[in-house]
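To keep things clear, I will list the structure first and then write my remarks on it.
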Amino acid sequence: MRAIKPALFVICLLPLARAVWIVASGGAVNPIEFMLHSTGTWALVMLLLTLTVTPLRQITGNNSLIRYRRMLGLFSFFYAILHFMTWVGLDRFFDLASMLKDIVRRPFITVGFAAFVILVILAATSTNAAMRRLKRNWGRLHRLVYPAAILAVVHYWWLVKLDITQPAIYAALLAVLLLWRLFFRLNEYYRSRIMH
Amino acid sequence: MLIRKPADIEPSEITPKDVYLNRRQFMVTSAGGLLVAADAMAALTAKPGTPLKDEKTNSLKEATTYNNYYEFGVDKEDPAKHAGSLKTRPWSVVVEGEVAKPKTFSIEELLKFAPLEERIYRMRCVEGWSMVIPWIGFSLAALLKQVEPTGKGKYVAFETLNDPKQMPGVKYPILDWPYREGLRMDEAMHPLTILSVGMYGDVLPNQNGAPIRLVVPWKYGFKSIKSIVRIRVVEQQPKTSWNMAAPNEYGFYSNVNPKVDHPRWSQATERRIGEFSRRKTLLFNGYADQVAGLYGGMDLLKYF
């Protein structure tokens, strides 16, 4: 059991290793776009995996799964910051004016940037010390992960040219994860009312 | 016991002497014919084009592995993987509509239609990337002149093959198939507008629109329709695929213009495939000197 966490850590790094290998071996005709898409996709996948931990815990009754949630969330942040830095440094080559203009004027970049800012806040307050300091506000603050996930899916949806199959799949998965929470809450609420 | 006799007829009496003496050349020619029949890469002879000043021509690998050709899938790698199922022989192109002499041309006729020329053009995709590609082809005007457009013909409409058996992507209603494009008559007759049958000295690879495609270098790449089966001269502005799919994003004209942004992204710069930093996008993709006159007095923001 002790080996699970380090193993998961290594597994979470594999998408990056694969992307770097493809670029280094000349397998991407447009390497900057490829890195941008790859890191963005994996930031979203990791975010959805993070949101899968709680439903999985509720379904299996295996509460120890919570141990992996923070790491998955931080990996989402890790891929998101790689995504952001690829955009800033490689795609725009630190052209601040063009980036600011796009953040304001291009809705898909606005929502993507908003999702990134939320992930920065959540990552910065992910330490045990921050949890202790924020007390019950920590839970409230970290509910921002839901809007972050929605914004991330919208970011993807709005950037595709025409074929929305891929973003629609992520939207459906996210909808399942969010609706599960809604039904779980409602269920608990009615049960508590019957009990009293 | 079998006793060998001299043959009654000498081999030289069966095969005419000139063929016999030229048998090596005869073999080469037949093999060439077989290759064309099998649609393998066959070198094309064309008048060499002028490379662009200070702009490197992209590699064949770049131009053949990073394509938008939705009939074979929506990812850039899909056309190279799936376009092998396209059969480019036999192939014919119907040229009809407001013309005095409508005609169906076989691909063999089109390959010999006019002296082939190499044209090294910039290709700017609406998505924000570009390449420099050495096309081989002939001017569209030459073909149109032969069918004699009538006075009513104001536009030219083009159609791509639409065969789900050869094109796995047309099973999905991503675009309203067949793929359609169109030009105004003066754009179609412009000397820069070509029908391309080859690139990099060879026939077109399937993923690049074999066996015959349009190349209009001052417009976004999607205007340069691939694998053409029908050309119609028409009176009204024809419906075009991307315009039908998203009219506010893809105009009929779709001239490359750094000042007219796509509603969702900027068109001011582009990434040249193979280069690190972005280039400034040029008005009419750098062909303003030749084509700006076509649009005199037109509001390019309105007619984007």
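First to last, the protein sequences are chains B and S.
Residue numbering for the first sequence follows our numbering, starting at -3 and increasing by one per position.
Residue numbering for the second sequence follows our numbering, starting at 197 and increasing by one per position.
No residue lacks a Cβ here, since even glycine has one placed at the ideal position from N, Cα and C.
Can you check whether the CB of residue j is closer than 8 angstroms to the CB of residue i?
i, j, result
"P434/S", "Y351/S", "yes"
"H79/B", "A24/B", "no"
"Y166/B", "L44/B", "yes"
"I114/B", "L130/B", "no"
"L340/S", "M385/S", "yes"
"N451/S", "F480/S", "yes"
"L336/S", "L400/S", "no"
"R102/B", "R468/S", "no"
"Y262/S", "N26/B", "yes"
"V582/S", "I408/S", "Summary: the structure shown does not reach residue 582/S, with chain S confined to residues 197 through 500, and so no result is reported for it."
"P244/S", "Y317/S", "no"
"G470/S", "N254/S", "yes"
"P454/S", "A441/S", "no"
"V425/S", "V295/S", "no"
"W331/S", "R315/S", "yes"
"L365/S", "L240/S", "Contrary to the premise, residue 365/S reads as Gly rather than Leu in this sequence. No."
"D98/B", "S462/S", "yes"
"E431/S", "K299/S", "no"
"T477/S", "R320/S", "yes"
"W134/B", "T121/B", "yes"
"Y266/S", "L371/S", "yes"
"A119/B", "L70/B", "yes"
"N404/S", "T284/S", "no"
"G85/B", "H151/B", "no"
DSSP puts residue i in a beta bridge; with which residues?
i, result
"T465/S", "K476/S"
"N451/S", "K415/S"
"H458/S", "W461/S"
"G405/S", "DSSP lists no partner for G405/S."
"I295/S", "In the sequence as presented, Ile is not what sits at residue 295/S; that position holds Val. For V295/S, which the question treats as bridged, DSSP gives the partners P345/S."
"M319/S", "M327/S"
"S302/S", "S288/S"
"I390/S", "S335/S and V411/S"
"K243/S", "E313/S"
Using a C-beta to C-beta distance shorter than 7 angstroms, which residues of chain B count as neighbours of residue i?
i, result
"Y262/S", "V25 and N26"
"I469/S", "V25 and N26"
"V370/S", "Residue identity differs from the one stated: residue 370/S is Ile in this sequence, not Val. What I370/S touches in chain B: L158 and D159."
"E251/S", "Those do not exist, as E251/S stays about 17 angstroms from chain B at its closest Cβ, beyond 7 angstroms."
"V270/S", "D159"
So which residues of chain S does residue i contact, with C-beta pairs closer than 9 angstroms?
i, result
"F89/B", "F472, S473 and R474"
"W154/B", "R460"
If you run the structure through DSSP and keep just helix, strand and coil, what is residue i?
i, result
"R380/S", "strand"
"V270/S", "coil"
"M395/S", "strand"
"M494/S", "coil"
"L410/S", "strand"
"M237/S", "Caution is warranted here: a pLDDT of 48 is assigned to M237/S, below 50, making its placement in the model unreliable, and the coordinate value is therefore given only provisionally. DSSP places M237/S in coil when its eight states are reduced to three."
"A484/S", "helix"
"I117/B", "helix"
"E313/S", "strand"
"K367/S", "helix"
"F277/S", "Per the sequence presented here, residue 277/S reads as Lys, with Phe not at that position. The answer is helix: DSSP assigns K277/S an H, G or I state."
"I62/B", "helix"
"Y499/S", "coil"
"G489/S", "helix"
"L340/S", "helix"
Output the boundary residues of the beta strand (DSSP E) element that contains residue i.
i, result
"P330/S", "W325 to S335"
"V352/S", "Y351 to T356"
Where do the ends of the alpha helix (DSSP H) carrying residue i lie?
i, result
"V16/B", "I0 to A20"
"I146/B", "V141 to L155"
"S437/S", "S437 to A441"
"F180/B", "T161 to M191"
"I427/S", "No alpha helix (DSSP H) contains I427/S, which is instead part of the beta strand (DSSP E) from I424 to V430."
"R66/B", "R65 to M81"
"Q54/B", "P27 to T56"
"N133/B", "R132 to H138"
"V84/B", "Element bounds for V84/B: n/a, residue is neither H nor E."
"A259/S", "L256 to T261"
"M95/B", "L92 to R101"
Quick one: list the residues of chain B neighbouring residue i, beta-carbon separation under 8 angstroms, in chain order.
i, result
"A442/S", "L158"
"E323/S", "K157"
"E506/S", "There is no way to answer for residue 506/S, as the model of chain S reaches only from 197 to 500."
"E258/S", "V25"
Report the neighbours of residue i on chain B: residues whose CB is nearer than 9 angstroms to its CB, in chain order.
i, result
"S462/S", "S94, K97, D98, R101 and R102"
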